[in-house]
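K.L.:
Just dropping this structure here.
Number of protein chains: 2
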Amino acid sequence: MKLYTAKIAPNPLRVEYFLKEKGIFDEVELVQVELATEAKEPGHQKRHIFGRVPVLELDDGQMLSESRAICTYIEEIYPNPNLMGKNGVERAFIEMHDRQVEFHVFFPIANWIRHSHPGLADLEIPQCPDWAASSEATARKNTAIIDVELGKKPYVAGDNFTIADITLYCALNFARLGRFKPWEEHANIAIWREKIMERPAFS
Amino acid sequence: MKLYTAKIAPNPLRVEYFLKEKGIFDEVELVQVELATEAKEPGHQKRHIFGRVPVLELDDGQMLSESRAICTYIEEIYPNPNLMGKNGVERAFIEMHDRQVEFHVFFPIANWIRHSHPGLADLEIPQCPDWAASSEATARKNTAIIDVELGKKPYVAGDNFTIADITLYCALNFARLGRFKPWEEHANIAIWREKIMERPAFS
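Heads up: the sequence lines are chains L and Y, in that order. Heads up, the first sequence is in the numbering used here, so the first residue is 836 and it goes up one at a time. Heads up, the second sequence is in the numbering used here, so the first residue is 836 and it goes up one at a time.
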């Protein structure tokens, strides 16, 4: 399998950590795609109709994209350790937590950074400063809500490490580009993040 | 089961169509939540930490939120007709198509409408006109890409009707609030939409 990826971009990183947790990262060939140029060309648009990364090329040549869908595939082929739920009901609740941190923490952080960071001006044309400011406020407010939640349980989705922890970890790390380090402001996030960073896949 | 929902909002509608396709819509009690006021109050935030709809209250009192996660649960409890894939590999490819139309068509449409429509000013404070304009351009461009894709296959994810068709249908209908009717501009979308509207769940 080949993974089309891009440096710094948080979505491919989610898949890379997922592969590391499964212990199969070294079996996948990484192919770097330049987001501002190459991703917009027809060659990459054959891999992803909207020109995004990550894309996983399967051994039969099929192209599978969207970070979470790639993880669903990997989970099927390499079921251990389980990261997305052992049955439909578990899958639903983990998907709930994963989408909550994705939509309400990761997206506001991503919109804030993409619309304000000079280094990402080629990716958002035009950058919208008002939207960056509004997204920053949402990101800070929702990060505080997640901090409260992490005071009630060891991991984002409950007792076990899951894909939702990978999503939150990548989201919060991306906030550093906005000089926001939630683990310096929120005690429960700090404890949780230390625990994540002790895992072999994250060290 | 109770579904906390809101009129006009496109995300609860995705769950409502999913329930209708499963033939169990009448078994679920609908509870309307006023988004601009009630959703922001502690009572609803006990149901959803970020105060959103839809939320499905299970018979044991557990709260399950995020539209797609609710569908994952319903699919497990009521497997027929299958709408999300019969095994992990099918689930992954359907999830890819679902997220592609969700992230690249539905979100730009939603951002455009939420940041420009006077009737939604209470939901996005502040509304960002530049972001609305940029999102409208993305929505129109990506809708044209989806039109090309729908010329190659009968449904969004391939040969069969799936959850991804529900997502696209709700997204495009929401665009009417911006006076954009993609089916009047794009022939393949028009043919596909006619087919969807002939289904009992959509009539």
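Note that CB positions come from ideal geometry on N, CA and C, so glycine has one too. Remember, it's a predicted structure, so these values are computed and weren't measured experimentally.
For a contact meaning CB atoms closer than 8 Å, what does Y/Ala956 contact in chain L?
P.N.:
Going along chain L, no residue has its Cβ under 8 Å from Y/Ala956, so there is no contact; the nearest lies around 13 Å.
K.L.:
Give the range of the beta strand (DSSP E) segment to which Y/Tyr839 is assigned.
P.N.:
Y/Tyr839 -> beta strand (DSSP E) spans 837-840.
K.L.:
Y/Ala927 and L/Tyr1004 look like a contact to me (Cβ under 8 Å); what is the Cβ gap, rounded to whole Å?
P.N.:
That pair is no contact at about 22 Å.
K.L.:
L/Leu891 lies in the beta strand (DSSP E); which residues open and close that run?
P.N.:
Run containing L/Leu891: 890-892, per the beta strand (DSSP E) assignment.
K.L.:
So L/Asn922 contacts chain Y; which residues on that side make the cut at Cβ distance below 9 Å?
P.N.:
Those within 9 Å of L/Asn922 in chain Y are Glu911.
K.L.:
Count the C-beta pairs between the segment 878-891 of chain Y and the segment 839-858 of chain Y that are closer than 8 Å, then say yes if the count reaches three, no if not.
P.N.:
The answer is yes - the segment 839-858 of chain Y touches the segment 878-891 of chain Y, with three or more Cβ pairs under 8 Å.
K.L.:
With a floor of 4 residues, list each alpha helix (DSSP H) that falls wholly inside the segment 938-994 of chain Y, ordered by position along the chain.
P.N.:
Runs of the alpha helix (DSSP H) inside the segment 938-994 of chain Y: 942-949, 964-985.
K.L.:
Ignoring anything shorter than 3 residues, give me the beta strand (DSSP E) runs that lie fully in the segment 840-889 of chain Y, in order along the chain.
P.N.:
You should have 864-867.
K.L.:
Check for me: the beta strand (DSSP E) holding Y/Leu1012 runs from which residue to which?
P.N.:
Premise fails: Y/Leu1012 is in no beta strand (DSSP E) and is neither H nor E.
K.L.:
Give me whichever residues DSSP pairs with Y/Leu899 in a beta bridge.
P.N.:
For Y/Leu899, which the question treats as bridged, DSSP gives the partners Y/Leu891.
K.L.:
When DSSP labels each residue in this structure, what does Y/His932 get in the three-state scheme?
P.N.:
Helix at Y/His932.
K.L.:
Does L/Thr907 come within less than 9 Å of chain Y when only Cβ atoms are used?
P.N.:
Chain Y contact via Cβ: present.
K.L.:
Mind checking which residues open and close the alpha helix (DSSP H) that includes Y/Ala1025?
P.N.:
1022-1032 is the extent of the alpha helix (DSSP H) around Y/Ala1025.
K.L.:
For L/Gly896, count neighbouring Cβ atoms within 10 angstroms of its own Cβ and tell me buried if that reaches 16, exposed if not.
P.N.:
Its Cβ having fewer than 16 others within 10 Å, L/Gly896 is exposed.
K.L.:
In its own chain, which residues sit with a C-beta less than 7 Å from the C-beta of L/Thr1002, not counting the 5 before and 5 after it?
P.N.:
Excluding residues within five positions, the ones whose Cβ falls inside 7 Å are Arg849, Asp933, Val936, Glu937, Phe941.
K.L.:
I need the straight-line Cα distance from L/Asp1000 to L/Glu925, nearest angstrom please.
P.N.:
In a straight line, the C-alpha of L/Asp1000 is about 15 Å away from that of L/Glu925.
K.L.:
Three or more C-beta pairs closer than 8 Å, one from the segment 1018-1025 of chain L and one from the segment 982-993 of chain L: is that the case here?
P.N.:
Yes, the segment 1018-1025 of chain L is in contact with the segment 982-993 of chain L.
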